[in-house]
Amino acid sequence: MTFWTRRKALDALAHVDQSRQLRKTLSWPHLVALGIGGIIGTGIYTLTGIGAERAGPAVILAFAACGILCAFAALTYAEMATMMPAAGSAYTYTYSVLGEGLAWIIGWSLVLEYAVTCSAVAVGWSGYMVGLLESMGIHLPKDLIAGPYAGGIVNLPAIVITALVTALLAKGAKESATVNIALVAIKIIALAVFVGLTVFSLVPENFTPFMPYGFVSHMDDAGHVRGVMAAAAIVFFAFFGFDAVSTSAEEVKNPGRDLTIGILGSMVISTIIYMIVAACAVGAWPFAEFAASGEPLAFILRSLNHPGAAWAIGAAAIVALPSVILVMMFGQTRVFFVMSRDGLLPRGLSDLGPDRRSPVKVTLLVGLFVALFGGFLPLATIAELSNAGTLAAFISVSVCVMVLRVTKPDMPRLFRCPAVWVVAPLAVIGCLYFLYSLPGTTLRNFAIWHVIGLVIYLGYSRRASLLNKTV
């Protein structure tokens, strides 16, 4: 079982062939925009309704709980990313600190966080696109706008947007990040318009009872999952993105400064925006009515007799939600790229070509995977499975920080997580509680996913690993 614990060197990037290293083209504005672009998206545009259904007005607390947990995780990510400025994020950190076996598990979990998240956002984007087209009198065949789970054949709009983002990513990181900045600006403006139109329509009665289903996740008599933590377990999906910033570390010009600003800055800004928007949504309209909508923010504006603004919100979502797909696909391609470079996936996937701008082969592979998931699976199922993968990655990074504080106390740290022996353990405990709050079916699917992953690792990856040739 030595293959399970063998580790890459902490400075492994220094020993990588230059033809397989990504070019340094990104600075902190790109990273902040990447973080916000990944975080603010389907979570606030579509999962606000699902969260309100589970927690009522206390969905605001669900967003707050997620923000606190992610703040702790962000601090640990910032320390690891600046210590090890190489692509791969949690997978790379785990490989160097905890060993190859756990690194494979985390890399396999990141498929759920990044690639599966892209699929969920593509489904959310499809809902807004279909709603906008129908408001214009254009009705697409039901068989082409929903997967088998909803009585259709395939969610074609989800597949189309995935293909467009894949093509953009194949051009390179800087081009993708520059487009992302513009998309982030559109999203923030749209949410500001929503707040401006609803803040004067708040009804105090809509906030009572504030916590109708209690705090702890539980199953009600009708078999529905309820409670603040039940809502938090799914709206946690809304906070993905800041960790995707760390996957770009190899492409950052000044990692010590830029990664810290990118990870922590995007996390703080996004949490504040989320809580304000959630409060305005719940206060402006009864949660029971907008909870069932696939486009809750636009629904609320139409209900308040702002059809023009509702149309604009829908249009902004259509234009800007692809930035989430872009950021998450960016993260997934970098994780797969490094896993291929390490030999755990076929080495041909990490070929870059002469300009070293983008791993085109792995980008196309991820695009195909995302399109298949988005075309055939429902949003809630995808989101909950994504959350499980992300929580596993957060736990691993927090453990890596603590292990290195003991085993490598004198190693230079450009950013040091404050109160690490409080922050990191709380991040681990919080993530375990969030996992516990997920539905049992999600946890079973998560276990099945990893059984499949371990079969692949034991059958192929452990023998193909580059470290297998050095031991």
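The sequence shown runs 270 to 740 under this note's numbering.
Even for Gly, the Cβ is constructed at its ideal location relative to N, Cα and C.
Report the start-end ranges of each alpha helix (DSSP H) in the region 567-637 that is 4 residues or longer and not cut off at the edges. 576-589, 591-610
What are the uninterrupted segments assigned as alpha helix (DSSP H) that are 4 or more residues long and contained completely in the region 485-535, given in chain order? The region 485-535 contains these whole alpha helix (DSSP H) runs: 497-504, 511-515.
Using the three-state DSSP reduction, which class does Ile698 fall into: helix, strand or coil? Along the sequence shown, one-based indexing puts residue 698 at 429. In the structure shown, Ile698 adopts helical secondary structure according to DSSP, grouped into three states.
By Cβ distance below 6 Å, which residues in the same chain neighbour Thr274 in space, the five residues on each side in sequence not counted? Looking up residue 274 in the sequence shown gives position 5. Cβ within range, chain order: Gly368.
Since Leu401 and Ala578 should fall inside the 8 Å C-beta cutoff, what is the C-beta to C-beta distance between them, to a whole number of angstroms? Taking the sequence shown and counting its residues from 1, the one referred to as residue 401 is at position 132. Taking the sequence shown and counting its residues from 1, the one referred to as residue 578 is at position 309. Contact flag wrong, Cβ pair sits at about 13 Å.
From the DSSP output, read off the bridge partner residues of Leu295. As a working mapping, residue 295 is identified with position 26 in the sequence shown. Partner(s): Val521.
Evaluate the contact criterion for the region 652-665 versus the region 629-643: three or more CB pairs, one atom per stretch, below 8 Å. No, they do not touch.
Any contact of the region 558-578 with the region 347-354, i.e. 3+ C-beta pairs under 8 Å? no
According to the neighbour-count rule (16 or more other Cβ atoms, all chains shown, within 10 Å of its Cβ), is Asn574 buried or exposed? Position 305 of the sequence shown, counted from the first residue, corresponds to residue 574. By the Cβ neighbour-count rule, Asn574 is exposed, with fewer than 16 other Cβ atoms within 10 Å of its own.
Under 7 Å between the Cβ atoms of Ile582 and Ala391? In the sequence shown, residue 582 corresponds to position 313, counting from 1. In the sequence shown, residue 391 corresponds to position 122, counting from 1. No.
Nearest by alpha-carbon distance to Met544: which of Ser592, Leu316, Ala333, Lys277 is it? Here residue 544 is taken as the residue at index 275 of the sequence shown, counted from 1. For Met544, the nearest C-alpha among the options comes from Ala333.
Sort out for me which residues DSSP pairs Asn424 with in a bridge. Your numbering for residue 424 matches position 155 in the sequence shown. According to DSSP, which records beta bridges pairwise, Asn424 is partnered with Ile414.
So what's Pro565 in DSSP terms, helix, strand or just coil? As a working mapping, residue 565 is identified with position 296 in the sequence shown. In this structure, Pro565 counts as helix in the three-state DSSP scheme.
Put Cys686 into one of helix, strand or coil per three-state DSSP. Within the sequence shown, numbered from 1, the residue matching residue 686 stands at position 417. In the structure shown, Cys686 sits in coil (DSSP, three-state: anything other than H, G, I, E or B).
Option in Thr361, Gly318, Leu303 with minimal Cα separation from Arg276: Walking along the sequence shown from the start, residue 276 turns up at place 7. Of the candidates Thr361, Gly318, Leu303, the one whose C-alpha sits nearest the C-alpha of Arg276 is Thr361.
Check whether the region 599-613 touches the region 320-327, counting contact only when three or more Cβ pairs, one atom from each stretch, lie closer than 8 Å. no
How big is the Cα-Cα spacing for Leu438 and Tyr397? Stepping through the sequence shown from its first residue, residue 438 is reached at position 169. Stepping through the sequence shown from its first residue, residue 397 is reached at position 128. Their Cα atoms are separated by approximately 23 Å.
What three-state label does DSSP hand Phe703 in the structure shown? Locating residue 703 in the sequence shown gives position 434, counting from the first residue. Phe703 falls in the helix class under three-state DSSP.
Exposed or buried, which one is Met405 when buried takes at least 16 other CB atoms within 10 Å? Within the sequence shown, residue 405 is the residue found at index 136, counting from 1. So Met405 ends up on the exposed side.
Other residues of its chain near His719: CB distance less than 8 Å, five sequence neighbours each side excluded: Your numbering for residue 719 matches position 450 in the sequence shown. Excluding residues within five positions, the ones whose Cβ falls inside 8 Å are Ile374, Trp377, Ser378.
Let me confirm a value: Ile541 is counted as buried when at least 16 other C-beta atoms fall within 10 Å, else exposed. Which label applies? Within the sequence shown, numbered from 1, the residue matching residue 541 stands at position 272. Exposed, since its Cβ has fewer than 16 Cβ neighbours within 10 Å.
Report yes if the C-beta distance between Lys293 and Lys522 is below 7 Å; otherwise report no. On the sequence shown, residue 293 is found 24 positions in, with the first residue counted as 1. On the sequence shown, residue 522 is found 253 positions in, with the first residue counted as 1. Yes.
For Lys440, which of helix, strand or coil comes out of DSSP? If you number the sequence shown from 1, residue 440 lands on position 171. Lys440: coil per DSSP, three-state reduction.
Exposed or buried, Gly709, counting other C-beta atoms within 10 Å across all chains shown (16 or more means buried)? Within the sequence shown, numbered from 1, the residue matching residue 709 stands at position 440. With fewer than 16 other CB atoms across the displayed protein chains lying within 10 angstroms of its CB, Gly709 is exposed.
On the three-state DSSP scale, how would you describe Phe479? As a first step, residue 479 must be located in the sequence shown, where it is residue number 210. Looking at Phe479 - three-state DSSP - the assignment turns out to be coil, as it is neither helix nor strand.
Helix, strand or coil: how does DSSP classify Gly393 here? Taking the first residue of the sequence shown as 1, we reach residue 393 at position 124. It is helical.
Output needed for Gly357: all residues of its chain with C-beta closer than 7 Å, excluding positions within five of it in sequence on either side, in chain order. Residue numbering aside, residue 357 sits at position 88 when the sequence shown is read from its first letter. Same-chain partners within the cutoff: Thr516, Arg603, Val604, Val607.
I'd like the span of the alpha helix (DSSP H) that includes Asn714, first residue to last. Translated into the one-based positions of the sequence shown, residue 714 becomes position 445. Per DSSP, Asn714 belongs to the alpha helix (DSSP H) from 709-725.
Tell me where the alpha helix (DSSP H) around Gly336 begins and ends. The residue labelled residue 336 in the question sits at position 67 within the sequence shown. It spans 328-352 - the alpha helix (DSSP H) in which Gly336 sits, taken as one unbroken run.
First and last residue of the alpha helix (DSSP H) that includes Val366? Within the sequence shown, numbered from 1, the residue matching residue 366 stands at position 97. Val366 -> alpha helix (DSSP H) spans 359-366.
Should Phe479 be labelled buried (16 or more other beta-carbon atoms within 10 Å of its own) or exposed? Position 210 of the sequence shown, counted from the start, is the residue given in the question as residue 479. Per the 10 Å Cβ criterion, exposed.
Would the beta-carbon of Ser470 fall within 7 Å of that of Ala553? As a first step, residue 470 is located in the sequence shown; it is residue number 201 there, counting from the start. As a first step, residue 553 is located in the sequence shown; it is residue number 284 there, counting from the start. Yes, the Cβ-Cβ distance between Ser470 and Ala553 is below 7 Å.
Taking Gly304 as the reference, which of Met680, Phe599, Thr317 has the closest Cα? Residue numbering aside, residue 304 sits at position 35 when the sequence shown is read from its first letter. That would be Phe599, whose Cα lies nearest to the Cα of Gly304.
Length of the line joining the Cα atoms of Pro555 and Ala491: Against the sequence shown, residue 555 aligns to sequence position 286. Against the sequence shown, residue 491 aligns to sequence position 222. Answer to the nearest angstrom: the Cα atoms are 21 Å apart.
Rank Gly496, Ile530, Ile503 by C-alpha distance to the C-alpha of Asp512 and give the top, closest one. Position 243 of the sequence shown, counting from 1, holds the residue named residue 512. Nearest of Gly496, Ile530, Ile503 to Asp512, Cα basis: Ile530.
Relative to the alpha-carbon of Val514, which residue among Phe272, Ser734, Trp297 has its alpha-carbon at the smallest distance? For the purposes of this step, residue 514 is taken as residue 245 along the sequence shown, with counting starting at 1. The candidate whose alpha carbon is nearest that of Val514 is Trp297.
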